[in-house]
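Beneath this line is the structure, given in structure tokens, with notes to follow.
Numbering (the working numbering), first residue to last: 491 to 734.
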């Protein structure tokens with residue numbers, strides 16, 4: 491007769507086999523879980539490294555972008571930044587219906603100054619004028635730029651023509667008070683002329699119209715004798731008044 495082990499033996503060995511399988515499965519599961527945890531840790535570390543590098547790259551890019559918008563000699567923003575900022579303020583003025591003023595400031599007889607005293611003296615003269623511009627355009631919403639060699643642009647947001655005129659006259663008088671010698675200037679000191687244009691409503695349908703009006707006002711100030719401020723508003727002009 492065939493041999494059949496007792497039921498309790500079958501159950502015992504079945505239990506042993508299942509236990510062995512369970513232990514092997516548990517060990518394999520523990521190994522897999524450990525590997526998963528290690529992999530998750532590595533992924534977390536790599537993600538943190540990538541995020542840190544990304545943040546550093548963003549800071550570096552922002553720094554480079556800022557440097558690219560700054561005139562290295564004066565520290566003022568350059569023409570590139572001027573174009574971007576004026577476009578932004580132009581659009582904001584259109585939405586808010588608040589005035590926007592633009593000033594173009596030019597050092598009088600600067601070529602003659604450079605020819606007489608040399609370029610290092612010319613650079614020093616420019617820096618001194620820039621300090622006055624910084625003092626005048628000191629609000630968070632103001633922006634001073636080096637527009638050309640000896641020409642500077644100042645954007646005054648939310649500023650009517652009267653406020654722009656006050657800023658321009660402050661600059662003109664303070665530069666004259668610096669008393670920088672200029673023997674080829676009729677007044678024997680360095681002076682500046684300024685043109686002003688103000689967008690206050692719809693009189694300038696395009697941004698370039700405002701720039702053009704400001705440029706014409708500056709030309710008028712130069713043509714009428716220099717060391718003066720001229721605006722796009724008829725009858726609002728300032729003749730030079732010696733303060734030294």
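Ideal Cβ placement from N, Cα and C applies to all residues, glycine included.
Limits of the unbroken alpha helix (DSSP H) element including residue i
{"i": "residue 612", "result": "609-626"}
{"i": "residue 699", "result": "697-713"}
Extent of the continuous beta strand (DSSP E) run through residue i
{"i": "residue 771", "result": "Outside the displayed span of the chain (491 to 734) sits residue 771, for which this structure offers no information."}
{"i": "residue 679", "result": "Premise fails: residue 679 is in no beta strand (DSSP E) and is neither H nor E."}
{"i": "residue 665", "result": "It is not in any beta strand (DSSP E) - residue 665 instead sits in the alpha helix (DSSP H) that spans 651-668."}
{"i": "residue 596", "result": "590-597"}
{"i": "residue 646", "result": "641-647"}
{"i": "residue 634", "result": "632-636"}
{"i": "residue 721", "result": "719-721"}
Whole-angstrom distance between residue j and residue i, CA atom to CA atom
{"i": "residue 710", "j": "residue 684", "result": "9 Å"}
{"i": "residue 586", "j": "residue 697", "result": "16 Å"}
{"i": "residue 577", "j": "residue 535", "result": "43 Å"}
{"i": "residue 599", "j": "residue 613", "result": "14 Å"}
{"i": "residue 646", "j": "residue 707", "result": "16 Å"}
{"i": "residue 609", "j": "residue 640", "result": "12 Å"}
{"i": "residue 655", "j": "residue 723", "result": "11 Å"}
{"i": "residue 514", "j": "residue 528", "result": "21 Å"}
{"i": "residue 626", "j": "residue 715", "result": "23 Å"}
{"i": "residue 687", "j": "residue 700", "result": "6 Å"}
{"i": "residue 669", "j": "residue 679", "result": "5 Å"}
{"i": "residue 532", "j": "residue 559", "result": "40 Å"}
Proximity to residue i [Cα-Cα], best of the options
{"i": "residue 571", "options": "635, 621, 677", "result": "635"}
{"i": "residue 611", "options": "672, 591, 694, 537", "result": "672"}
{"i": "residue 690", "options": "632, 653, 717, 569", "result": "653"}
{"i": "residue 622", "options": "607, 719, 642", "result": "642"}
{"i": "residue 595", "options": "601, 527, 582, 657", "result": "657"}
{"i": "residue 675", "options": "660, 512, 606, 581", "result": "606"}
{"i": "residue 721", "options": "537, 713, 715, 703", "result": "703"}
{"i": "residue 637", "options": "719, 616, 723", "result": "616"}
{"i": "residue 692", "options": "602, 583, 682", "result": "583"}
{"i": "residue 618", "options": "649, 682, 591, 592", "result": "682"}
Near the ligand GTP: residue i beta-carbon under 8 Å from a heavy atom
{"i": "residue 589", "result": "Summarising the ligand content, the structure contains no ligands, and the ligand GTP is consequently not present."}
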